[in-house]
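Down below is the structure, laid out as C-alpha cells.
2 protein chains.
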Amino acid sequence: MSSSSSPRTKKPSTSKRKNVSAQRAPVGTENKIDIRVVAARAGVSIATVSRAINHVPTVDPALAERVWQVVGELNYFPNTQARALVSGRSRLLGLIVSEITNPFFPELIQEFEQVAVERGYEILIASTNYERKKMESCTRRMLERKVDGVAVMTFGIEEFFFDRFAADKIPVVFIDAAPLRPLSGFLAVDYRAGIYEAVQHLAVLGHRKIGFIAGPLRLRSAAARKAAFVECMRSIGLTSHQDWLVEGDHTLEGGRDAMQKLLALPDQPTAVLCSNDMTAIGVQHALFEADLKVPDDLSLIGFDDIHLAEYTIPPLTTVRMSCKDLALRAVNLLMEQLQPESAKAKAAHPKIETKLVVRQTTGLPRGALKDLAAGKNVKTRG
Amino acid sequence: MSSSSSPRTKKPSTSKRKNVSAQRAPVGTENKIDIRVVAARAGVSIATVSRAINHVPTVDPALAERVWQVVGELNYFPNTQARALVSGRSRLLGLIVSEITNPFFPELIQEFEQVAVERGYEILIASTNYERKKMESCTRRMLERKVDGVAVMTFGIEEFFFDRFAADKIPVVFIDAAPLRPLSGFLAVDYRAGIYEAVQHLAVLGHRKIGFIAGPLRLRSAAARKAAFVECMRSIGLTSHQDWLVEGDHTLEGGRDAMQKLLALPDQPTAVLCSNDMTAIGVQHALFEADLKVPDDLSLIGFDDIHLAEYTIPPLTTVRMSCKDLALRAVNLLMEQLQPESAKAKAAHPKIETKLVVRQTTGLPRGALKDLAAGKNVKTRG
DNA sequence: CTGAAAGCGCTAACAA
DNA sequence: TTGTTAGCGCTTTCAG
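So the protein lines, in turn, are chains A and B.
For the first sequence, this note's numbering gives the first residue as 870, with consecutive numbering after it.
For the second sequence, this note's numbering gives the first residue as 870, with consecutive numbering after it.
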C-alpha cells in the first residue's frame, strides 16, 4: 500500500484501531502501542516494522529510518512475550549460583548482569544452596521460562543440570569442566598459578607446615583447588600432613569449624590456605575466639579476592580470581552457542587467571626469629 | 471429537499432530508436548485442560483428575510466554535493590526469591548502584518484561520509579514511604525501637559522646535512620555534636572515610552508630589502620545484622532488621494489589521490627575506670 | 460444565 | 524489497 507521504503532523492518527476483524472496540485499552500502531504511523506494514526493529539488512534505509523515528516518538518497545512465543527465543539467560549470600556471587552476578543486559538479554538468577532439591526446582524454573542458555556457576558440574537442559537443547556453560557434548562449554580456571604463588609466598616466609581448608569436595572446582594445592606443595618440595587437609564448605561456619579442628591437633600447621575467602574469614573468627593472632600465630590466605577481603581485620592475603572475566567469558561462551553463525571467530579461550594479592594475614611462622626471643607459646582449645 | 475412552496404553498416541489446519508436518518438532497433546491424551478439549490446570472450580473433578494425571505422565508444563501473552500477566516480579554487592541485599533477595517462587512467581533482579542511569535502565527492563509488580528495595522512594510504573498500572511497593496513589504500598520499618535500644545501650555503658554515620541522605530510609538516632539521643537527654553526624554512603569505603573524618576531629565521639553494617565494617577497618581498638578505643554499632556481622573481628554489635520479614511482607503486599479479590483480608501491617543484638564492639568508653589506670592515650591521624 | 473459536503481539514464510 | 498471512501455545468469551 504505502500512503505515499508520511504524515507530517504529530497528532496521533486519531482513527487508529484494530484493523483486522475488529468487531468490538477493545475495552479499557487506552494507549497501548503495539507494532500495528507504529506501522500505521510510519505508513508501512507491520512486517516492515518488525524487520526494521530487528535490523534485517534488506530493509530500505529510508523506511527503517522512518520506523525508528516513530518508535522513538511513541516510545514503543516490542512485547517480549509475543516475540518469545513466536521466535522461540526468550532472550533470557539463566544464572545458577551455589549461594547468593556468599559475596563472591553477587559480584559475579553484577558483572554477568551488566554484560548480559548489554547484549540484550535479561537474567534469571537461582541459588542452589548446595541442595539437590533446589537444583531441581531451579532447573525447572529455567526450563519453564524457556531460557536461551544457562551459566552454571556452582563451581561443580552437575550432570544433573546438563541432562535436563540438553533434552531441550539449551546451551549450558560450566566452570572447570563440562560433559563432552554439543551445546555445552566450560570456563577453565588456572588455579595453579595463583595457588602456586600463594604456597611459594608462604614457603619463602619460612612456612613448612601448611594446611588447606577445602570447599565441598564433590564440587569439581573445590576438588581442583585442593588438587592444585597438593600439587604445588609437592612441586615445591613440601608435603602436607593429611590432618592438615580438611574439608570445609565454603561458608563462614565451615571455615570456623575447620579451623577449630585444626586447632585441636597436637601438631598444627603454621599457615593455612583456604578454598575461598569466606572460609578464611571464618578461620579468622575461630582464631579470634581462640585468642590467637593473625598473622603472628597463623598465616592465612584466602581465595577469590572478594571486595570484603580488603576490609577484614587484618586485611586478607588472598588469591584473586576475576569475577569480571568469569562473567564476561561465560556470557560470551553462551553467545557462541546461541549464534554459531556469528563470525566471532570463536576466539581462543585462555584460562581464567588467578594471582596472589598480598595483604596482611601472612607473615613469618611461629618459631621464627621474632618469636624465639619472646618465647611465645600457643594456646590450643580442647 | 473426544475419543471417548482414554487411551490405556502408555505409548504416545502415534498419530498425534497438529489438529487444526495442518497442511505440512512441523519440521524438527520432536516431542514437544503442548496443551493439545495433553488434551488429546486426556480425551478432553484444550479449554478443559486449561481450566483444570488453572484450578477453575467449575471443572468436573473427574475430568480435572484425568487431566492432572496426563500432565504428570507427560511432565507437561504450560508455556509461560503464551500464557503471559494472552493473559497479560507474566508472573514475574521485579526486585530493585540499590547494590547487590552489599550483603544485606543478597540475603533479602534469597528470602524474596523463596517466597515469590512459592507463590508461583519468578523474579527479575536489578541493581541501581545509586546511579540514575541504572535506575532508568532497570525500570525499562522491568517494563519490557512486563513484570506484574515491583518491589523497590532501594530504601529510598524514587518518584522516578513510581511514575513509570504507574503509567502501566503496575503495582509497586517501597520501603518506608510511598506516594499516596493506588497500586502502591510501602513497608514501614520501626527504626526507632532498635536505634533507641542501641543508644540506650551505649548510654548505660557510659558513653555521652555518640556519633552517627548516616547513609546517603537522599534515601528516605537513610534519612529516617538518622532522624531516629537524633530523636533517640534527645529523648535520652543527650545531644550529638554536629560534627559527629557524618554522611556516609552505606559502603565499606564510605564507612572508612567517614571514620577517618571523625578521627581527624579534635573532640571525638567515644562511640559511633552506623546506618548499616557495611559502614560499620568500614569503620572497623579505619580504626585498624589507625591502630585503634574496638571497643577499647571506640564503641561501634551497626545496622541490619547481616550474617557477616557475627564474624567481624570483633563480632559486631548491631541492630537487627529481619530481611526475611521484609521480603515476605513485600511479596504479600504486592500480592494484595495483584489479587484484590483474594479474601486475604488485607491483614494489618505492623511495622517491621528492629532490635539490638549485642556482640563485642561495644564497651566502656575511654576515660572509664579501666583506662584511667592504664593512662592510655589515643593516636589520631592528621 | 464443556468445547469451538477468537485472538494476545509478534515473526517468518510466502507472494507480489 | 515490501506486504499478506499463518500461526507460536495459551486463555477466554460464547454457545451448547
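Idealized CB from N, CA, C, for every residue including glycine.
All values reported here derive from a predicted model rather than from experimental measurement.
So with Cβ pairs under 7 Å, would you call residue i a contact of chain A?
i         : result
B/Glu1158 : no
B/Pro1234 : no
B/Ala891  : The predicted model places B/Ala891 with a pLDDT of 34, which falls under 50 and marks its position as unreliable; any figure quoted below should be read in that light. No, B/Ala891 does not count as interfacial toward chain A.
B/Phe946  : yes
B/Glu1005 : no
B/Ile1340 : With chain B covering only 870 through 1251, there is no way to say anything about residue 1340 of chain B.
With a cut-off of 7 Å, does the C-beta of residue i fall near any C-beta of chain B?
i        : result
A/Pro972 : yes
A/Tyr999 : no
Note down, in chain order, every chain B residue with its Cβ under 9 Å from the Cβ of residue i.
i        : result
A/Thr949 : Gln950, Ala953, Ser959, Glu1013, Arg1014 and Lys1015
A/Gly996 : Just to set this straight, residue 996 of chain A is Ser in the shown sequence, not Gly. Near A/Ser996 (Cβ distances below 9 Å), the residues of chain B are Pro975, Ile978, Gln979 and Glu982.
Assign residue i to one of two classes, buried (16 or more other C-beta atoms within 10 Å of its C-beta) or exposed (fewer than that).
i         : result
A/Val1042 : buried
B/Pro1135 : exposed
A/Glu1000 : exposed
A/Asn1145 : buried
B/Arg1061 : buried
A/Asp1045 : buried
A/Ala891  : A caution first: A/Ala891 carries a pLDDT of 34, below 50, which makes its placement in the model unreliable, though a value can still be read off. When all chains shown are included, A/Ala891 counts as exposed.
B/Glu976  : buried
A/Leu984  : Residue 984 of chain A is actually Val in this sequence, not Leu. The residue in question, A/Val984, is buried, as its Cβ has 16 or more Cβ neighbours within 10 Å.
A/Thr949  : buried
B/Arg952  : buried
B/Thr1230 : buried
B/Lys901  : exposed
B/Gln1208 : exposed
B/Val913  : buried
B/Glu991  : buried
Can you pull the chain B neighbours of residue i, defined as C-beta to C-beta under 7 Å?
i         : result
A/Tyr1180 : Leu1121, Ile1150, Gly1151 and His1154
A/Ile978  : Ile969
List the residues of chain A that residue i touches, going by C-beta distances under 8 Å, in chain order.
i         : result
B/Arg1010 : Val986 and Glu991
B/Pro1183 : Phe1157
Taking C-beta pairs closer than 9 Å, name the residues in chain A that residue i reaches, listed in chain order.
i         : result
B/Ser1109 : Those do not exist, as B/Ser1109 stays about 26 Å from chain A at its closest Cβ, beyond 9 Å.
Residues of chain A with CB under 7 Å from residue i, in chain order?
i        : result
B/Pro975 : Ile969, Thr970 and Pro975
Please list the partners that residue i has in chain B, where partner means a Cβ-to-Cβ separation under 8 Å.
i         : result
A/His1176 : Thr970 and Leu1121
Between residue i and residue j, is the Cβ-Cβ spacing less than 7 Å?
i         : j         : result
B/Lys1220 : B/Asp1112 : no
B/Ile1079 : B/Leu1121 : no
A/Val1188 : A/Ala1067 : yes
A/Ile994  : A/Leu964  : yes
B/Met1147 : B/Asn944  : no
A/Glu980  : A/Ala1196 : yes
B/Phe1081 : B/Leu1142 : yes
A/Ala1093 : A/Glu1116 : no
B/Val906  : B/Val918  : no
B/Ser996  : B/Ile978  : no
B/Ala1223 : B/Gly1106 : With the sequence shown as reference, residue 1223 of chain B is identified as Thr, and Ala is not the correct amino acid for it. Against a cut-off of 7 Å, the Cβ pair of B/Gly1106 and B/Thr1223 comes out as no contact.
A/Gln1137 : A/Ala1155 : no
Assuming residue i and residue j form a contact by the criterion Cβ under 8 Å, report the distance between their Cβ atoms to the nearest whole angstrom.
i         : j         : result
B/Thr1139 : B/Arg1235 : 6 Å
A/Ile1175 : B/Gln1153 : Actually they do not touch by this definition, with Cβ atoms about 16 Å apart.
A/Asp1017 : A/Leu1052 : Not really, about 11 Å apart at Cβ, beyond 8 Å.
B/Val939  : B/Arg920  : B/Val939 to B/Arg920, Cβ: 14 Å. No contact.
A/Pro1164 : A/Gly1232 : 4 Å
B/Arg1050 : B/Ala1035 : 6 Å
A/Thr1008 : A/Leu1088 : In fact, because the Cβ distance is near 17 Å, the residues do not count as touching under 8 Å.
A/Asp1037 : A/Leu1012 : 6 Å
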